[in-house]
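Numbering of the sequence shown is given in numbering that gives the first Met the number 0, commencing with residue 0 and proceeding in unit increments.
Heads up: the structure comes next, in structure tokens.
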Amino acid sequence: MIKTLLFSALALFINFSFAQISVGQSSDFQSGTQGWEHGQANANSPFVVANNGPAGAGDAFLRTTNSGAPSGAGSKHAFINSQPEWTGNYTSAGVVSINFDVQNTGTKDLSLRIGLQSNNNSRWAVTSVPVVISAGTAWTNVSFNIDEASMFSAGNPAEMVSDILTDVTIIKIFSNDGTISPEYQGDSEVLFSDYDNITASSSLSVTDFIPTGEFTISPNPSRNKLNVKLSSYNESLKLEVFDVLGKKIHMGKVTNLETTVNVSNWKSGVYLVRISNDNVSQTKRFIKL
Numbered sequence: 000m001i002k003t004l005l006f007s008a009l010a011l012f013i014n015f016s017f018a019q020i021s022v023g024q025s026s027d028f029q030s031g032t033q034g035w036e037h038g039q040a041n042a043n044s045p046f047v048v049a050n051n052g053p054a055g056a057g058d059a060f061l062r063t064t065n066s067g068a069p070s071g072a073g074s075k076h077a078f079i080n081s082q083p084e085w086t087g088n089y090t091s092a093g094v095v096s097i098n099f100d101v102q103n104t105g106t107k108d109l110s111l112r113i114g115l116q117s118n119n120n121s122r123w124a125v126t127s128v129p130v131v132i133s134a135g136t137a138w139t140n141v142s143f144n145i146d147e148a149s150m151f152s153a154g155n156p157a158e159m160v161s162d163i164l165t166d167v168t169i170i171k172i173f174s175n176d177g178t179i180s181p182e183y184q185g186d187s188e189v190l191f192s193d194y195d196n197i198t199a200s201s202s203l204s205v206t207d208f209i210p211t212g213e214f215t216i217s218p219n220p221s222r223n224k225l226n227v228k229l230s231s232y233n234e235s236l237k238l239e240v241f242d243v244l245g246k247k248i249h250m251g252k253v254t255n256l257e258t259t260v261n262v263s264n265w266k267s268g269v270y271l272v273r274i275s276n277d278n279v280s281q282t283k284r285f286i287k288l
């Protein structure tokens with residue numbers, strides 16, 4: 000009897016010890032919230048809707064919102080998962096991107112990011128450029144690269160992104176347009192969003208830039224100006240530039256094959272230049288001297 004109990008306890012320990020993030024890990028919400036929560040129960044906790052996910056009737060999905068209160072559980076537009084199957088060493092597991100289906104049922108845009116918390120408490124790796132989901136957007140699939148090139152370190156003191164990726168204790172999906180501090184915190188404005196098929200992938204997100212083909216930036220590095228040149232023109236395109244913390248510092252319409260931006264007053268550092276429309280986007284890195 001004692002041997003049986005010891006064996007059972009050992010088996011449980013082994014299963015728990017080796018349960019961690021893996022390629023293909025997915026939350027489809029067919030059996031509940033599957034560990035996605037606000038951290039503490041509250042009146043606005045995420046809940047499952049049984050029908051009308053991306054696949055239609057019978058496809059369950061997760062619905063989220065927030066209270067908009069200055070503080071407290073459920074006040075920010077964010078939700079987390081700290082279950083073993085979503086934590087651990089993302090690097091050794093080969094997980095380099097997170098993708099999911101999302102829809103915005105609200106009247107305000109979402110600026111979605113992924114945050115990964117390290118074992119050292121409030122130290123996070125955060126995706127640098129938010130994916131904007133416009134108000135009223137129906138189900139669409141989005142992807143976030145989870146690597147050093149696509150994320151920045153947040154928290155005090157900061158920890159290297161590469162170190163965080165090897166020891167993740169919490170994954171967070173949240174809305175932050177870059178104006179909210181700390182950078183790993185969700186928006187306190189009341190927002191609405193639905194999610195399904197949150198999946199860990201071994202493939203980096205590579206968006207086909209069909210409407211415009213490649214775009215180039217020059218000179219790079221530069222002190223005074225940034226030239227953005229398209230191989231073909233589409234009037235729906237917009238140009239946005241973000242700093243490494245994800246704060247948007249420039250936005251404008253693309254009106255010609257070549258657009259010039261005055262960068263002389265920008266601080267020296269690395270910036271992300273994004274050309275996009277409602278369907279696709281492409282981002283390049285720019286260095287301001």
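Every residue gets a Cβ at the ideal spot worked out from N, C-alpha and C, and that includes glycine.
Since we're looking at a predicted model, the values are computed, not measured.
How is residue i classed by DSSP in three states: helix, strand or coil?
i, result
"E158", "coil"
"I163", "helix"
"S81", "coil"
"A153", "strand"
"S91", "helix"
"R273", "strand"
"A199", "strand"
"V147", "Here residue 147 is Glu; the residue named in the question, Val, does not match the sequence. E147 falls in the helix class under three-state DSSP."
"T258", "strand"
"K75", "coil"
"N98", "strand"
"Q116", "strand"
"H249", "strand"
"I132", "strand"
"F46", "strand"
"K287", "strand"
"R122", "strand"
Would you tell me roughly how many angstroms separate the C-alpha atoms of residue i and residue j, rounded to the nearest one?
i, j, result
"G67", "G105", "14 Å"
"K287", "W265", "7 Å"
"E188", "A77", "11 Å"
"R62", "K283", "33 Å"
"W123", "I163", "7 Å"
"K246", "V22", "30 Å"
"E84", "S133", "31 Å"
"V240", "V269", "10 Å"
"H249", "V262", "10 Å"
"G251", "S217", "18 Å"
"P181", "A54", "36 Å"
"G73", "S192", "14 Å"
"H37", "P45", "7 Å"
"F99", "D108", "17 Å"
"A42", "K75", "13 Å"
"R112", "T198", "15 Å"
"Y183", "M159", "15 Å"
"M150", "N175", "14 Å"
"L244", "Q116", "16 Å"
"D27", "S221", "46 Å"
"A148", "V95", "11 Å"
"T136", "P156", "37 Å"
"I79", "S230", "41 Å"
"G52", "D58", "5 Å"
"T139", "N219", "34 Å"
"T211", "V253", "Only weak support exists for where T211 lies, its pLDDT of 37 falling under 50; the coordinates are left without a value."
"D186", "V128", "15 Å"
"V272", "S201", "25 Å"
Between which two residues does the beta strand (DSSP E) harbouring residue i extend?
i, result
"E239", "K237 to D242"
"S127", "No beta strand (DSSP E) holds S127; DSSP gives it neither H nor E."
"R62", "F60 to T64"
"S217", "F214 to S217"
Exercise. Taking contact to mean at least 3 C-beta pairs separated by less than 8 Å, is the stretch 159 to 168 in contact with the stretch 82 to 92?
Worked result: yes
Exercise. Is it a yes or a no for the stretch 256 to 267 touching the stretch 215 to 227, going by three-plus beta-carbon pairs under 8 Å?
Worked result: yes
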